[in-house]
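Numbers in this note's numbering are just positions in the sequence shown, counted from 1, shifted up by 402.
Just so you know, even glycine gets a beta-carbon here, dropped at the ideal spot from N, CA and C.
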Amino acid sequence: MKPTYSTSEGERFTTSQIERKMNYAKGILIDKQLQEHGYNFCTECERNDCKPLDCAHIISVKEAKETGRSELCWDINNMRIIGRVHHQKQDGLNLQFNDSNVNTRR
Ligand SMILES: [Zn+2]
């Protein structure tokens, strides 16, 4: 049996189900920024030439799963668009896995 991770509501999801929801949420976040600003940019340094852009989690996927708050994995309020250079720095500090990397180039 595959391991499942609980949400705050007590629903349980497998990693692949979480990833599917997460990828969907990333698309929404990217479209939202595009609609609000007309282009995608890094929210860390506010430059549109800080590329490639990734969707990074504020509370890491690992932490969300381990603390029974899996919904944070696909909560766009728990995500921000940042350049990979910052993302890697952040992941390096938090020792996160790189499962939240998405290349947003179109
Ligand atoms: Zn940047």
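Using a Cβ distance threshold of 9 Å, Glu-468 and Ser-410 do not count as a contacting pair.
Rounded to the nearest angstrom, the gap between the Cα atoms of Leu-436 and Asp-451 is 15 Å. One thing to note: Ile-478 has its Cβ no nearer than 9 Å to the Cβ of Asn-442. Residue state for Met-481 is assigned as strand, using DSSP reduced to three classes. Taking non-hydrogen atoms of ligand 1 into account, the C-beta of His-459 is found less than 8 Å away from none of them. Counting the other Cβ atoms within 10 Å of the Cβ of Ile-430 gives fewer than 16, which makes it exposed. Pairing Met-481 with Lys-428 gives a Cβ-Cβ distance under 9 Å.
Going by C-alpha positions, Glu-448 is about 12 Å away from His-488. Per DSSP, the unbroken alpha helix (DSSP H) holding Ser-418 starts and ends at 417-439.
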